[in-house]
Structures are given as structure tokens and as C-alpha cells.
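Working notes, beginning with the structure itself.
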Amino acid sequence: MIWLILAALAVALGLLLRELARIGRRAVAVVESQQAPKRLDLEVRRLERLEPGGTPENPIEVAAPSVVEAHAGRTPCPRCEGPMEVDEHAVEEHAGERLRVARVRCRSCGHRRTQYFRLARLN
Ligand SMILES: [Zn+2]
442 MIWLILAALA
452 VALGLLLREL
462 ARIGRRAVAV
472 VESQQAPKRL
482 DLEVRRLERL
492 EPGGTPENPI
502 EVAAPSVVEA
512 HAGRTPCPRC
522 EGPMEVDEHA
532 VEEHAGERLR
542 VARVRCRSCG
552 HRRTQYFRLA
562 RLN
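Quick note: the sequence shown uses this note's numbering, first residue 442, plus one each step.
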């Protein structure tokens, strides 16, 4: 009789452990899905910095200031590939060099980014 009770307890314990593992896996999945948008955003930012014009150290070379806005507006949103709009076109100095800076915003998702341009020197 005692063996029967022990066997029943062992089965119950096994089921309980399996259920706990299932709950644990679900909790991990929920946490991961909550962090996904943030992770995507970080990944997009990282890729933006690697692209030409993504940092002041790696500006896109253009022939004239008028090209800056056309170029910045033509590059699709890195997040949703929606059309980008130029919010601001400024001149900033980085490491002793004057660069053109375009601050653009996605018309679909509102994502903002900055692109750096250098005016080609005329010979
Ligand atoms: Zn977008």
C-alpha cells in the first residue's frame, strides 16, 4: 500500500515539475518579447552608425549643399522603409571640420536619425 502512495506521489511530483518548467519557459518568452522592440531599436541604431553618413567620422561626400536634403530625404527609414522627411539641415563642426548635418524623421513610424555630409572640395 505504501508503495502505491509513493508511486502516486512520484507521478504527481513529476507532473508538477513539468508544469513549473512550462511556466518558466513561458515567462522567459514573455520577457523576451517585451524586450524585442528595444533590441530592434538598438540594432537599427548600430547599423545606422555603420552606414556611410552614420557618424561625423564617416560623412557622405556631396557636391553641393542642395544635394544634402535630396539625399537625406531619399534614404528610406531603416526601421520600416517608410519615406523620410528632413526636419533640420544644419552646419556643425566636428574635429575641426565643418559638416552638413541632416536630421530626418520617418513619416510612417516617426523614427529619427542624423546623417552627416561633407562638401566635396572643388579643385
Ligand atoms: Zn519608419
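Idealized CB from N, CA, C, for every residue including glycine.
Sort out for me which residues DSSP pairs residue i with in a bridge.
i, result
"Q475", "None, per the DSSP bridge assignment."
"R467", "Paired residue(s): none; R467 is not in a bridge."
"T496", "Answer is none; T496 lacks a bridge partner."
If you run the structure through DSSP and keep just helix, strand and coil, what is residue i?
i, result
"A505", "coil"
"E460", "helix"
"A543", "strand"
"R548", "coil"
"R515", "helix"
"A536", "coil"
"E529", "strand"
"R520", "coil"
Under 8 Å Cβ to Cβ from residue i, same chain only, skipping five residues before and after it: list those, please.
i, result
"L481", "R520"
"D528", "R544, V545, R546 and R553"
Sorted by chain position, which residues of the same chain lie with C-beta nearer than 6 Å to residue i's C-beta, five sequence neighbours on each side aside?
i, result
"G551", "none"
"Q556", "G494, A513 and A543"
"I501", "P493, G494 and F558"
Give me, in chain order, the residues of the same chain whose beta-carbon lies closer than 7 Å to that of residue i; leave out the 5 immediate sequence neighbours on both sides.
i, result
"V509", "V503, H530, R541, A543 and F558"
Can you tell me where the beta strand (DSSP E) with residue i in it begins and where it stops?
i, result
"A561", "Here A561 belongs to no beta strand (DSSP E), and DSSP marks it neither H nor E."
- Hey, which residues come within less than 6 Å of ligand 1, measuring from Cβ to any heavy atom, in chain order? Checking every Cβ against the heavy atoms of ligand 1 under 6 Å gives C518, R520, C521, G523, C547, S549, C550 and H552.
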